[in-house]
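Undergrad: If you count the sequence shown from 1, position 295 lands on 295 in this note's numbering, and the numbers rise without skipping.
Okay, handing you the structure first.
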Amino acid sequence: MVASTDSPRLLVPSPPPAVNRLSVLLVEDDDGDALLVEEMLADVPVEAERITLLRVATLAAALPLAGGVDCVLLDLQLPDASGLSALTTLRRHSPAGAIVVLTGQDDTATGMAAVAAGAQDYLGKDQVDGPLLMRAMRYAWERRRAEGAEQRLLEQQLLAGENARLERGLLPTPLLADDRLGLAVRYRPGRDGALLGGDFYDTVELADGTVEVIIGDVCGHGPDEAALGVALRIAWRALVLAGLPAVEVLATVDRVLVNEQIEPLFATACMVTVAPDRTSARMVLAGHPPPLLLARGGAAGFLPSDGLGPPLGIPLKRPRRQTEVTLEPGWSLLLYTDGIFEGRSGGGDRLGRTRMAALAGELLTGPGDPGAALDALIGRVQQLNDGPLDDDVALVLLTGEPAA
Numbered sequence: 001m002v003a004s005t006d007s008p009r010l011l012v013p014s015p016p017p018a019v020n021r022l023s024v025l026l027v028e029d030d031d032g033d034a035l036l037v038e039e040m041l042a043d044v045p046v047e048a049e050r051i052t053l054l055r056v057a058t059l060a061a062a063l064p065l066a067g068g069v070d071c072v073l074l075d076l077q078l079p080d081a082s083g084l085s086a087l088t089t090l091r092r093h094s095p096a097g098a099i100v101v102l103t104g105q106d107d108t109a110t111g112m113a114a115v116a117a118g119a120q121d122y123l124g125k126d127q128v129d130g131p132l133l134m135r136a137m138r139y140a141w142e143r144r145r146a147e148g149a150e151q152r153l154l155e156q157q158l159l160a161g162e163n164a165r166l167e168r169g170l171l172p173t174p175l176l177a178d179d180r181l182g183l184a185v186r187y188r189p190g191r192d193g194a195l196l197g198g199d200f201y202d203t204v205e206l207a208d209g210t211v212e213v214i215i216g217d218v219c220g221h222g223p224d225e226a227a228l229g230v231a232l233r234i235a236w237r238a239l240v241l242a243g244l245p246a247v248e249v250l251a252t253v254d255r256v257l258v259n260e261q262i263e264p265l266f267a268t269a270c271m272v273t274v275a276p277d278r279t280s281a282r283m284v285l286a287g288h289p290p291p292l293l294l295a296r297g298g299a300a301g302f303l304p305s306d307g308l309g310p311p312l313g314i315p316l317k318r319p320r321r322q323t324e325v326t327l328e329p330g331w332s333l334l335l336y337t338d339g340i341f342e343g344r345s346g347g348g349d350r351l352g353r354t355r356m357a358a359l360a361g362e363l364l365t366g367p368g369d370p371g372a373a374l375d376a377l378i379g380r381v382q383q384l385n386d387g388p389l390d391d392d393v394a395l396v397l398l399t400g401e402p403a404a
């Protein structure tokens, strides 16, 4: 007979390491039943089914060990627990483990309740042999592994959905009330599966009719850069709504970047201020390529970049300055980040701003939906790139007519 003890004892010698070894904890207070389990498992050829079997007689002794084994064989009638309370306590203590109830109660209702309470299987002691017991334990272990993988997948999906909602919430809602102006934006992060990258943009219309637009690009396109881009955009919007001049706005955003960055980074930015009568604009460039001015009939040209200053995060030698531009009737301004023109063309050369401007003049100046036209521009660039673009892409297309 096998003596009952609360200390774990090795009943079956552990075989040499093997791919299909299974560690089992038998929770059984009856010495005769424990011996029966040992004999049943001994009937299974060792070379086919290698197991390590430990036995304890109480639930209290089982709890510290349950998390370190592949499967638990649990009797429902123990000195310190009876019925399904033993199962629920063990499952609560070791939620990831596989449990096979092995009991003398040959009761279908109890078996169904045990499975509903978290057991992977339910076996009667007088209706099982070695091979059946071995299969039940292996199936329970594999089933629990599959359940664990499914649970982890569900958690990842929920987390991904939460992150997606968070990222969508961090994208701006333009504050634009003038129905004489049209605004279309497109945003394509370079990270796989992301909704937010290091590029940022925003548009705000002030009480006097002035429209402020910004587009920027934090160096890199990982999660740290995305977080910094959001911080810069929100700081910019707050400063614009406070009525600060454009040069002071960018100077303050520059200080925000220096204070918020996790590691030394810089960001380029282009800020455009459109006058209330929509016939002129002022522009400040901080290391960013100038907007593309589109006219009726397909004419396109870049705004002057003679006032180009260093990117945000780079020490200034002199104050930034604004460039005045005239807006003819039927104007459109395309603000963009370098991801739209730095992809490779079919010959291996970079697309470049000049060829991008030609595509924009072809696709963005005709009638139709401006958003669809931006999609077409991105699609044409991807065709020339022979695939998706690696860097973040942000496009802002602002169109307007002069005041009556």
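Glycine included, each C-beta is placed from N, C-alpha and C at the ideal position.
Could you check the C-alpha separation between residue 209 and residue 177 for me, to the nearest Å?
TA: Using only the alpha carbons, I get a separation of about 9 Å.
Undergrad: In whole angstroms, what separates the C-alpha of residue 299 from that of residue 332?
TA: 10 Å
Undergrad: Ignore the nearest five residues each way along the sequence and tell me which others in residue 115's own chain have a CB closer than 8 Å to its CB.
TA: 121 and 122
Undergrad: If I measure Cβ to Cβ from residue 281 and keep anything under 7 Å in the same chain, skipping five residues before and after, which residues do I get?
TA: Counting only Cβ-Cβ distances below 7 Å, and skipping sequence neighbours, we find 272, 273, 274, 275, 325 and 327.
Undergrad: For the beta strand (DSSP E) holding residue 332, just list the boundary residues, first then last.
TA: 332-336
Undergrad: How far does the beta strand (DSSP E) with residue 324 in it extend, from its first residue to its last?
TA: 323-326
Undergrad: Less than 7 Å between the C-beta atoms of residue 61 and residue 90, yes or no?
TA: no
Undergrad: Can you list, in chain order, the residues of its chain whose CB lies under 6 Å from that of residue 201, leaving out five sequence neighbours each side?
TA: Leaving aside the five residues that flank residue 201 on each side, the residues in its chain whose CB is nearer than 6 Å to its CB run, in chain order, 215, 394 and 396.
Undergrad: Would you decide whether residue 309 is buried or exposed? Buried here means 16 or more other CB atoms lie within 10 Å of its CB.
TA: Counting Cβ neighbours within 10 Å, residue 309 comes out buried, since at least 16 surround it.
Undergrad: If we count the other Cβ atoms within 10 Å of its Cβ and call it buried at 16 or more, is residue 189 buried or exposed?
TA: Buried, since its Cβ has 16 or more Cβ neighbours within 10 Å.
Undergrad: Starting from the N-terminal side, write out each stretch of the beta strand (DSSP E) that is 3 residues or longer and does not extend beyond the region 25-81.
TA: DSSP runs (the beta strand (DSSP E)) wholly in the region 25-81: 51-56 and 71-74.
Undergrad: Quick one: residues in its chain with C-beta nearer than 6 Å to the C-beta of residue 187, no 5 flanking neighbours on either side, listed in chain order?
TA: 394
Undergrad: Would you call the CB atoms of residue 86 and residue 76 closer than 7 Å?
TA: yes
Undergrad: So the candidates are 59, 389 and 257; which of them puts its Cα closest to the Cα of residue 311?
TA: Closest by C-alpha distance to residue 311, out of 59, 389 and 257, is 257.
Undergrad: Which of the three DSSP states, helix, strand or coil, is assigned to residue 204?
TA: When DSSP states are grouped into helix, strand and coil, residue 204 belongs to the strand group.
Undergrad: Checking the sheet assignment: what are the DSSP bridge partners for residue 175?
TA: 204
Undergrad: Under 7 Å, do residue 63 and residue 99 count as touching if we go by C-beta distance?
TA: no
Undergrad: Considering only their Cβ atoms, is the gap separating residue 55 from residue 78 smaller than 7 Å?
TA: The answer is no: Cβ separation not under 7 Å.
Undergrad: Along the alpha helix (DSSP H) that carries residue 241, what are the first and last residues, could you check?
TA: 223-241
Undergrad: Helix, strand or coil for residue 342 per DSSP?
TA: coil
Undergrad: Pick helix, strand or coil for residue 279, following the three-state DSSP scheme.
TA: coil
Undergrad: Do you know offhand how far residue 39's Cα is from residue 222's?
TA: 59 Å
Undergrad: Return the CA-CA distance between residue 5 and residue 57, expressed in angstroms with no decimal places.
TA: Its pLDDT being 49, under 50, residue 5 is placed unreliably by the model, and the measurement read from it follows with that caveat. Straight through space, the alpha carbons of residue 57 and residue 5 are spaced by roughly 6 Å.
Undergrad: Which one or two residues does DSSP pair with residue 215 in a beta bridge?
TA: 201 and 270
Undergrad: For residue 261, count neighbouring C-beta atoms within 10 Å of its own C-beta (all shown protein chains included) and say buried if the count is 16 or more, exposed if not.
TA: buried
Undergrad: Can you tell me whether residue 73 sits near the ligand ZN, meaning its C-beta is under 6 Å from at least one heavy atom of the ligand?
TA: Within the structure as shown, the ligand ZN is missing, as the structure has no ligands at all.
Undergrad: If you run the structure through DSSP and keep just helix, strand and coil, what is residue 148?
TA: Helix, per DSSP.
Undergrad: Quick check on the DSSP output: what are the complete beta strand (DSSP E) runs of length 3 or more inside the region 280-312, in order along the chain?
TA: 280-286, 292-294 and 300-302
Undergrad: Would you report the Cα separation of residue 371 and residue 141, rounded to the nearest angstrom?
TA: Computed Cα separation, rounded: 53 Å.
Undergrad: Please return the same chain residues whose Cβ sits closer than 8 Å to the Cβ of residue 96, not counting the five positions on each side in sequence.
TA: 67, 144 and 148
Undergrad: Can you list, in chain order, the residues of its chain with a C-beta nearer than 6 Å to that of residue 207? Leave out the 5 residues immediately preceding and following it.
TA: Only residues of its own chain outside the window of five on either side were considered, and among them none has a CB closer than 6 Å to the CB of residue 207.
Undergrad: Output needed for residue 287: all residues of its chain with C-beta closer than 6 Å, excluding positions within five of it in sequence on either side, in chain order.
TA: Excluding sequence neighbours, residue 287 sits near 268, 310 and 311.
Undergrad: Throw me the rounded Cβ distance for the residue 435 and residue 307 pair, which I believe falls under 8 Å.
TA: Here the chain has residues from 1 to 404 only, and residue 435 is not among them.
Undergrad: Rank 183, 243, 225 and 294 by C-alpha distance to the C-alpha of residue 263 and give the top, closest one.
TA: 225
Undergrad: Can the beta-carbon of residue 213 be found closer than 7 Å to that of residue 235?
TA: Here residue 213 is not near residue 235, since their CB atoms are 7 Å or more apart.
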